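Shown next, in structure tokens, is the structure this report addresses.
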Amino acid sequence: MTELMAEVSQDFESTIMELLVFAGSARSSALMALQQARAGDFTGSAEHMAESKQAVKQAHRIQTQLIGMDEGCGKTGHHPDHRTRAGSLDERHGHSGSGR
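Structure, rendered in structure tokens:
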């Protein structure tokens, strides 16, 4: 039973790290889009926003998996903050963070 618990814990941690990578990527892409828009490169800005939206979608998918894995233990509370920050940057750029 201990081996199973260790495996589940490792899977949970790997999934958390994957979420953080996608959330960070979403934020970075949104920041690049803002920089390019300020510089007048609206085509490049739109491309980075599309990348950001895809990363947000992946982060949301993983967050949903984590909530299922968490089973009400409260371990996933911090991670939505990263996704929310990326969505906020998306909104500042004039797009909906929901991918619509």
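Positions 10 to 109 (my numbering) are the ones given, in order, by the sequence shown.
All residues carry an ideal CB built from backbone N, CA and C; glycine is no exception.
Predicted model only: the values in this text are computed from it and were never measured.
Going by beta-carbon coordinates alone, are Ala35 and Val65 separated by less than 8 Å? yes
By Cβ distance below 7 Å, which residues in the same chain neighbour Thr21 in space, the five residues on each side in sequence not counted? A small fix is needed here, since residue 21 is Phe in this sequence, not Thr. Excluding residues within five positions, the ones whose Cβ falls inside 7 Å are Met78.
On a Cα-Cα basis, can you pick out the residue from Ile71, Leu29, Gln44 that is closest to Met58? Gln44
Taking the straight line between their C-alpha atoms, what separation do you get for Ala68 and Ala39? 14 Å
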